[in-house]
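Residue numbers (our numbering): 8 to 66. Using N, Cα and C, we set each Cβ at its ideal position, and we do this for glycine too. Predicted, not measured: the structure shown is a model, and the values here were computed from it. Report on one structure; see the data block that follows.
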Ligand code: SF4
């Protein structure tokens, strides 16, 4: 299992396959951030595009 916390990427989305199970960090070395809006104005307009739904191993 690839679960080494990258302490440069904080994340609380534990439904993601790349989330570190017991810690609120991502396990990837790099993530892609993007937007689904044509003119983003608030943080809710911005997405982690590296998200992959967890298979449930950490839950
Ligand atoms: S890929 Fe994105 S959503 Fe998934 S754990 Fe990493 S930062 Fe969080």
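Counting only residues whose CB is nearer than 5 Å to a non-hydrogen atom of the ligand SF4, the list in chain order is 18, 20, 23, 25, 26, 33, 38, 55, 57 and 58. Bridge pairing for residue 42: 53 [DSSP].
If you look at residue 14, you'll find it in the beta strand (DSSP E) that goes 13-17.
With respect to the C-alpha of residue 55, the residue from 11, 10, 16 and 12 having the closest C-alpha is 16. Close CB contacts of residue 38 within its chain, under the 7 Å cut and outside five residues either way in sequence, are with 16, 55 and 57 (chain order).
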